[in-house]
Amino acid sequence: MVKKIIQQETIVAIASAIVPNQGSIGIVRLSGVTALDITKKIFQPQGKPSWKSHQILYGYIQNPNTRQIIDEVLVLLMLSPRSFTREDVIEFHCHGGIIPVQQVLELCLESGARLAQGGEFTLRAFLNGRIDLTQAESIAEIIRAKSPQASHIALAGLQGKLAQPIRQMRHSLLDILAEVEARIDFEEDLPPLNEAQIKQDLEDHLVKVKHILGTKDQGELLRSGIKVAIVGRPNVGKSSLLNAWSKSDRAIVTPLPGTTRDVVESVLVVQGIPIQVLDTAGIRETEDTVEKIGVERSLKAVSQADLILFTIDASTGWTQEDDEIYQQIRDLNLILVINKIDIATADIIKYPTEIKEVVTTAVAINKGIEDLETAIVKTIQRGETTAQDLEIANNQRQAAALTRAKLALIQVEETIENQLPLDFWTIDLRIAIQALGEITGEDVTESVLDRIFSRFCIGK
Ligand SMILES: Nc1nc2c(ncn2[C@@H]2O[C@H](COP(=O)(O)OP(=O)(O)OP(=O)(O)O)[C@@H](O)[C@H]2O)c(=O)[nH]1
Ligand SMILES: [Mg+2]
């Protein structure tokens with residue numbers, strides 16, 4: 000249904016990022032049966048090109064009605080089926096300002112193309128069988144990746160490394176289903192089922208499904224990262240910590256308590272995990288209106304963070320004020336940062352023994368940052384595989400389908416164990432097959448497609 004409607008039209012979109020004064024080249028991309036006709040209408044090539052696929056032409060975009068020259072461009076011809084969408088795809092490489100790309104886009108629209116919806120190029124690549132669903136999702140993930148590691152696993156997905164074991168399992172289950180159904184229909188004519196082999200296969204698949212499922216949390220960490228809030232009373236060195244860690248002077252640091260009034264943010268990557276660090280205003284009772292708002296914002300940051308770096312001052316030790324803040328955050332995921340250890344007078348700093356993760360630092364002289372990073376990674380990495388070692392990772396949608404496949408496989412195993420009739424085997428085998436097919440897109444509904452492709456931006 001989707002296929003028929005959308006593929007009659009030629010779509011167009013700006014494929015490069017639109018940032019004023021930033022890029023030297025801007026790309027407008029066409030895909031569809033009339034892409035070549037539209038190009039011939041608006042593009043004046045130098046010389047007499049053959050219009051064969053996979054070449055780059057040079058010339059001018061010209062308004063066919065007014066004869067006005069719009070831009071000097073390079074044109075990439077990628078004709079069906081050797082293109083991203085398997086349709087005729089043509090790219091105009093224009094000058095990178097906003098005006099040229101927009102004018103070229105408008106000319107394409109006037110010449111019969113329709114503005115592409117977000118993800119529509121990739122949707123066509125999927126519908127035309129060039130990529131499967133996991134590969135389409137990987138494209139969106141590469142574009143969104145915030146760390147090299149996140150990009151690495153997304154690229155593995157694009158290469159089909161996630162789809163391949165899933166497709167193999169699905170085909171193996173289809174074979175088993177065929178064997179079982181044949182026994183239901185023609186029991187007398189066939190040798191008995193090799194039950195031991197089937198059990199073994201199902202068990203192997205179950206192990207594989209569980210293994211892939213186990214990559215979800217770490218994959219999520221790599222993709223989305225975490226939010227870390229630096230929290231504590233005034234003057235303990237929170238802003239100094241942010242600056243030392245991000246090797247910048249983003250936050251204002253002074254010897255005066257109550258310096259930070261607003262939440263200051265910096266984004267770092269630690270062992271492949273994107274970390275959004277929030278430096279907050281020191282928490283204390285105050286009559287100062289601005290500082291009061293700052294403290295409210297600190298508390299809001301606390302509530303939104305995945306991890307708190309509760310910072311105290313080693314030169315004063317654990318104070319009454321520290322304790323008051325601690326009582327508000329003690330149930331949260333936190334690491335105690337004992338800062339200013341360079342000027343500590345006591346050898347041992349006391350703190351509540353229930354706090355298990357503790358790091359000592361002297362951020363003003365860049366001491367302890369590495370220990371802090373190690374502690375953070377240890378706190379958020381649960382399980383054996385670390386995010387850094389991941390080769391592939393499934394996302395939430397895929398994990399939901401894999402969980403359905405897992406439960407169905409367990410159910411088939413139980414059915415066999417309990418020697419139930421063959422009809423019962425087929426019910427759960429079909430559920431597992433369908434769930435796996437949803438992951439790759441071999442078995443997928445329109446609403447699932449809508450959900451996946453609506454997350455793309457236009458031009459992809
Ligand atoms: N000796 C020493 N001084 C430090 C260290 N870290 C920070 N300081 C000093 O402590 C003072 C306060 O530092 P800030 O980073 O502004 O402290 P803050 O926690 O952000 O303070 P507020 O924004 O007021 O809540 C500054 O004079 C820093 O130079 C450290 O590790 N050792
Ligand atoms: Mg500060």
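Numbers 0 to 459, taken from numbering that gives the first Met the number 0, label the letters of the sequence shown in order. Heads up, the beta-carbon is just placed ideally off N, CA and C, and yes, glycines get one too.
C-beta contact flag for Ile460 and Gly31 at 9 Å: Beyond the ends of the chain as shown, which are 0 and 459, falls residue 460; an answer cannot be given.
If you measure from the CB of Lys209, is any heavy atom of ligand 1 nearer than 8 Å? No - ligand 1 has no heavy atom lying nearer than 8 Å to the Cβ of Lys209.
Considering only residues of the same chain and omitting the five flanking positions on each side of Asn62, which have a CB-CB separation below 7 Å? Here Asn62 has Ile69 and Leu106 as same chain residues with Cβ atoms under 7 Å from its own Cβ, once five neighbours each way along the sequence are excluded.
What did DSSP end up calling Lys40 once you bin it into helix, strand or coil? Three-state result, Lys40: helix.
May I ask you to check if the CB of Lys459 is nearer than 8 Å to at least one heavy atom of ligand 2? Answer for Lys459: no, Cβ out of range of ligand 2.
I'd like to know whether the C-beta atoms of Arg283 and Arg222 end up nearer to each other than 9 Å. Inclusion of Arg283 and Arg222 in the CB contact set at 9 Å is not warranted, their separation being larger than that value.
Determine the direct distance from the alpha carbon of Ala343 to that of Ala228, and round the result to whole angstroms. Each residue's CA atom was taken as its position, placing Ala228 and Ala343 some 24 Å apart.
Where Lys299 falls: helix, strand or coil (DSSP): Lys299: helix per DSSP, three-state reduction.
Where Glu219 and Gly271 are concerned, what is the direct C-alpha to C-alpha distance, given to the nearest angstrom? Computed Cα separation, rounded: 12 Å.
Check: Lys339 C-beta below 8 Å from any heavy atom of ligand 1: For Lys339, the distance from the CB to the nearest heavy atom of ligand 1 is below 8 Å.
What first and last residue would you give for the alpha helix (DSSP H) that runs through Gly436? That run of the alpha helix (DSSP H) goes Leu421 to Thr439.
Are the beta-carbon atoms of Ala34 and Val88 separated by less than 9 Å? Yes, the Cβ-Cβ distance between Ala34 and Val88 is below 9 Å.
Could you say which of Arg81, Ala14 and Arg129 lies nearest to Gln116 if we only look at CA atoms? Checking every option, the nearest Cα to that of Gln116 belongs to Ala14.
Measure the Cβ-Cβ separation of Pro351 and Lys145 and say whether it is below 9 Å. No; because the gap between Cβ atoms is not below 9 Å, this pair is not in contact.
Looking only at its own chain, which residues have a Cβ that is under 8 Å from the Cβ of Thr439, when we skip the five neighbours before and after it? The answer, listed in chain order, is Asp131, Leu132, Thr133, Ala162, Ile165, Arg166 and Arg169.
At what residue ranges does the region 329 to 381 contain a whole run of the beta strand (DSSP E), taking only runs of 3 or more? Counting only runs of 3 or more, we get 333 to 338 and 357 to 359.
Rounded to whole angstroms, what is the Cα-Cα separation between Ile4 and Ser82? Residue confidence is low: Ile4 scores 46 on pLDDT, short of 50, so the model does not pin down where it sits. No coordinate-derived value is stated.
So if DSSP puts Glu71 in a beta bridge, which residue, or which two residues, is it bridged to? Residue pairing by DSSP places Glu71 opposite Tyr59 in a beta bridge.
Which same chain residues end up closer than 8 Å to Ala398 when comparing Cβ atoms and leaving out the 5 residues on each side of it in sequence? Contacts found: Leu212 and Lys215.
Expressed to the nearest angstrom, what Euclidean distance is found between the alpha-carbon atoms of Val1 and Ala243? Interpretation of Val1 is limited by its pLDDT of 48, a score under 50 that renders its predicted location unreliable; no figure is taken from the coordinates.
Presumed contact (8 Å Cβ cut-off) between Asp460 and Val263, rounded CB distance: Since the displayed the chain opens at 0 and closes at 459, residue 460 lies outside it and no answer follows.
In the DSSP output, what is Met168 paired with across the bridge? Met168 pairs with nothing; no bridge assigned.
Measure the C-alpha to C-alpha separation of Leu56 and Gln158 and round it to an integer number of angstroms. Using only the alpha carbons, I get a separation of about 30 Å.
Euclidean distance between Cα positions of Leu335 and Leu406: Whole-angstrom Cα-Cα distance: 41 Å.
Would you say the beta carbon of Gly58 is closer than 8 Å to some non-hydrogen atom of ligand 2? Checking the Cβ of Gly58 against ligand 2 gives no.
Simplified DSSP state of Gly25, which is helix, strand or coil: It is a strand residue.
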